[in-house]
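Trainee:
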Amino acid sequence: MTTTVAAEAAIAPSADEVPSARRAWPVLRTALTTLGTAATVFVLATFATFALGAASGSNPAAVALGEVATQADVDRLNHLFGLDRPFLVRYVDWISHAVTGDLGTSWFTTIPVADSIAQAFPVSLSIAAGAIALALLFGFIGGVLAAVSQGGIVDRIVTLLSTVSATIPAFVAAIGLILLFAYAIPIFPVAGYVPPEQNLVGWLMCLVLPSIALSLDAGADIARQLRTSLVGTLRENYVIGARVHGLAPARIVFRHALPIASTPALSVLGVHAPRLIGGAVITEVIFGMPGLGQLANRAALQGDIPVVQGVLLVTILMVVLIGAILNLIIARSGGTGRSAA
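One gets the working numbering by counting positions in the sequence shown from 1 and adding 194 to each.
(1) If I measure Cβ to Cβ from T228 and keep anything under 7 Å in the same chain, skipping five residues before and after, which residues do I get?
(2) Which value, in whole angstroms, describes the spacing of the CA atoms of R449 and V433?
(3) So the candidates are G298, P383 and P443; which of them puts its Cα closest to the Cα of P306?
(4) Quick test of your reading: A322 and L470, contact by CB under 8 Å. State the CB separation rounded to the nearest angstrom.
(5) Would you check if there are 3 or more beta carbon pairs closer than 8 Å linking the region 391-398 to the region 494-505?
(6) So, at 7 Å on beta carbons, what are the nonlocal neighbours of I381 in its own chain, with the 5 sequence-adjacent residues on each side left out?
(7) Using 8 Å as the Cβ pair cut-off and three pairs as the minimum, do the region 284-291 and the region 435-446 touch?
(8) Within 10 angstroms of its Cβ, does P363 collect 16 or more other Cβ (buried), or is it exposed?
(9) Where does P316 sit, in a helix, a strand or coil, going by DSSP?
(10) Is it the case that the Cβ atoms of L424 and L401 are separated by a distance below 9 Å?
(11) Taking DSSP's pairing of strands, which residues face P306 in a bridge?
(12) Just tell me which of A368, G504 and A327 has its CA closest to the CA of G295.
(13) Quick check on D278: does DSSP put it in helix, strand or coil?
(14) Residues in its own chain within less than 7 Å of S356 by CB, not counting five upstream and five downstream?
(15) Taking the C-alpha atoms as reference points, what is the distance between G472 and H439?
(16) Give me the Cα-Cα distance between A385 and I379, rounded to the nearest whole angstrom.
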């Protein structure tokens, strides 16, 4: 035990080498930059979303009133919906209400959009969270195994599986999983959704297949990036010093090398975050799950623009938040990775 502590003290930088203020500044700077970038992306994305809805040419008044409606009736209903106001005025009004949770009302059901999204959001969030968790699990296990067995049979197997997984689109994987588990191995449900408050085990079971289908591409990229990064980190002088001082191989990998090598892998997850969120919306449609995808699909077919815009706004917000959180985690790990070693 004393030898291990002495060895780690020998290879780990002391706190005096890197003043706390100097370590904290890059994290603070990244936090401020991330906040500004997230706010800018959110405004631009929501503006584009609202502009596309306005440019769609959908006229809910004419649809709701039918062919027998007079132009006066259509104008009256358009005024009620606020569609006769200038575009910028409508956008400012919409986004100012949206940040307070008021996303308007459906043109056809008169149900508040926020209420409809509140019912569908947990489904999409569950799938996206499950896919992110599986991508991290598979990616880190595969990347570590491939790195520590560089050039060996395990490395080749992981590389082959990662290459194949990265080429399979999520919807193709979803269809394949449905066919496999609907007939050959009927273990998991292939359609439907069970709320966790109703049946926790049933909820987890119905998330397995869509989460796996959605996680393959991200997991493969994380595994490949982590393998490359970890192989390079294991050749660093401080890791070689750890071996010289007699530290166990597992301790060297997980305590000294992995915290630093994982930063590029987390960056890969940030790139995949929009695909995972957007893919969850598509995947849930294939598995017949009542999430944001089903809600947006029905609204788009009806021309219910407020619902479509509300779903897109929530999706954009999820992507921006995940990206911001990952940037902060990466900045934190980059600033303290060596000291953690």
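Virtual Cβ for every residue (Gly too), placed ideally from N, Cα, C.
Mentor: Quick look at the numbers:
(1) The answer, listed in chain order, is A518, N521 and L522.
(2) Cα to Cα, R449 sits roughly 10 Å from V433.
(3) With respect to the C-alpha of P306, the residue from G298, P383 and P443 having the closest C-alpha is G298.
(4) With a Cβ gap of about 5 Å, A322 and L470 count as contacting.
(5) The answer is no - the region 494-505 does not touch the region 391-398, with fewer than three Cβ pairs under 8 Å.
(6) Excluding sequence neighbours, I381 sits near F375.
(7) With the cut-off at 8 Å, the region 284-291 and the region 435-446 do not touch.
(8) Exposed is the label assigned to P363, since fewer than 16 other Cβ atoms lie within 10 Å of its Cβ.
(9) In the structure shown, P316 sits in a helix (DSSP, three-state: H, G or I).
(10) With respect to the 9 Å criterion, L424 and L401 are not classified as neighbours on the basis of their beta carbons.
(11) Its beta-bridge partners are T299.
(12) Measuring from the Cα of G295, the nearest candidate turns out to be G504.
(13) Correct three-state label for D278: coil.
(14) Excluding positions up to five away in sequence, the list reads G336, A414, A417 and R418.
(15) Distance between the alpha carbons of G472 and H439 is about 48 Å.
(16) One Cα belongs to A385, the other to I379, and the distance between them is close to 15 Å.
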